[in-house]
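Trainee: Input: one structure, supplied below.
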Amino acid sequence: MKLLFNKQLVDSKEAVISAFDHGFLYGMGLFETFRTYHGSPWLLERHANRLIKGCEMLGIAYSPDVMQIKEATLEVLKANGLSDGYIRWSVSAGEGAIGLPSDPYDRPNEILYAKELAADEPMTRKGKTLRLLKLPRSTPEGPYRLKSFHYMNNIAAKRELIRSGAGQGTEGLFLDNNGHVTEGMVSNVFWCKGGVLYTPAAATGLLEGITREYVIEMAAELGITVQQGLYSWNELLTADEVFVTNSIQEIVPVVNLENEHGLGFLPGGRNTTGPLTSQLMRDYREAAEGDDR
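Add 6 to the 1-based position in the sequence shown for the numbering used here, that's all there is to it.
Laid out in structure tokens, this is it:
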């Protein structure tokens, strides 16, 4: 694999991070994942803005040039023989002394990775299972959740799914410590009931996903009421439709809900994609395919 390490194209075996990088020592780093359509990064400015905001919170001096990142994305795709791909854009704090720092990080490391997208067209997806996790979502380490290198909670959840015998491709659903629906392991969750679209509020400690934000805007443009709040697992069990979102998989219908014991429920009494989910999937893809930024 070829990647861009501090703007230089190198083989992955040649990309070296110092043992004193505080991304390694203390998890002080952030990343964004996005995909391209016809070689163009989708919603790149939104990803950049979230990354900048997070770097400010962590004291990392980093102000990316969005046009340069767009060009870098094309470069790393080409170097890996890809016309489109899954892009991971990572920023670590950079080298520092052992010990908790008081000064800002002024020499961060930037890495841009690219890999092949899964061969899975959204409009032909049969949907996936969403399974309730026993493990609660960890609370954010600051005023709101960052897309940071701290991924222990997510990895532990993935291992719980495997141990429980969940089917391949099953997404795990976190509740917070108060029993409120929060988010998936790698996704945000939505459900529709009576023509209203619901999604957990940021107060649950979820990551405010870029695709989540875009779907809320799409629904508003369609005249659909969107409510963000504190909800229980039972709200999903009585929903007409359920779907999850992330920047790589876009909008994915949930056709089976499982509790932590594996007992299944069909959203809306069916195991097919609902009409609102189908419309949002179609509108999202049309917008992404037509984007020329």
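We treat Cβ as the ideally placed atom computed from N, Cα and C, and that holds for glycine. What you are looking at is a predicted structure, and each value in this text was computed from that prediction instead of being measured.
With the cut-off set at 8 Å, would you say Val187 and Leu179 are in Cβ contact?
Mentor: yes
Trainee: Are the beta-carbon atoms of Tyr92 and Leu49 separated by less than 8 Å?
Mentor: No.
Trainee: Among Tyr157, Tyr150, Leu64 and Thr283, which one has its Cα closest to the Cα of Val202?
Mentor: Thr283
Trainee: So, with DSSP's three-state summary, where would you put Asp109?
Mentor: Coil at Asp109, not helix or strand.
Trainee: Would you say Lys8 and Ala85 are within 8 Å of each other, going by their C-beta atoms?
Mentor: yes
Trainee: If Leu236 and Ala207 are in contact, beta carbons under 8 Å, what's the gap, nearest whole angstrom?
Mentor: 6 Å
Trainee: Would you call Val250 buried or exposed, if buried means 16 or more other Cβ atoms sit within 10 Å of its Cβ?
Mentor: buried
Trainee: Output yes or no for whether 8 Å exceeds the beta carbon distance between Lys153 and Phe37.
Mentor: yes
Trainee: Counting only runs of 4+ residues fully inside the stretch 146 to 183, write out the alpha helix (DSSP H) ranges in chain order.
Mentor: You should have 158 to 170.
Trainee: What separation, rounded to the nearest whole angstrom, lies between the Cα atoms of Arg143 and Gly275?
Mentor: 28 Å
Trainee: Could you check the C-alpha separation between Leu242 and Lys132 for me, to the nearest Å?
Mentor: 19 Å
Trainee: According to the neighbour-count rule (16 or more other Cβ atoms, all chains shown, within 10 Å of its Cβ), is Gln14 buried or exposed?
Mentor: If you draw a 10 Å sphere on the C-beta of Gln14, you find fewer than 16 other C-beta atoms in it, and that means exposed.
Trainee: To the nearest angstrom, how far is the alpha carbon of Leu88 from that of Asn159?
Mentor: 32 Å
Trainee: So Leu10 packs on Leu80, CB below 8 Å; how close in whole Å?
Mentor: Actually they are not in contact, since the Cβ atoms of Leu10 and Leu80 sit about 11 Å apart, beyond 8 Å.
Trainee: I'd like to check one pair, Ile216 with His44: are the Cβ atoms closer than 8 Å?
Mentor: no
Trainee: Do you know offhand how far Met129's Cα is from Leu138's?
Mentor: Unreliable placement is indicated for Met129, whose pLDDT of 48 sits below 50; no coordinate value is reported for it.
Trainee: In the DSSP assignment, find the unbroken alpha helix (DSSP H) run with Phe30 in it and report its ends.
Mentor: Here the alpha helix (DSSP H) through Phe30 covers His28 to Tyr32.
Trainee: Write down the C-beta distance between Asp246 and Thr210 rounded to the nearest angstrom, noting that I regard them as a contact closer than 8 Å.
Mentor: Rounded, the Cβ-Cβ distance is 22 Å, inconsistent with contact.
Trainee: Starting from Ala120, trace the beta strand (DSSP E) in both directions and tell me its first and last residue.
Mentor: Asn115 to Lys121
Trainee: Pull up the DSSP beta-bridge partners for Glu101, would you.
Mentor: Asp27
Trainee: Return no unless some Cβ of chain B is closer than 8 Å to the Cβ of Lys121.
Mentor: This model lacks chain B altogether, as it is built from one protein chain only.
Trainee: Just how far apart, CA to CA, sit Arg113 and Trp95?
Mentor: 16 Å
Trainee: Using C-beta distances below 6 Å, list every residue in its chain close to Leu136, excluding the 5 sequence neighbours before and after it, in chain order.
Mentor: Glu177, Leu179, Val260 and Leu263
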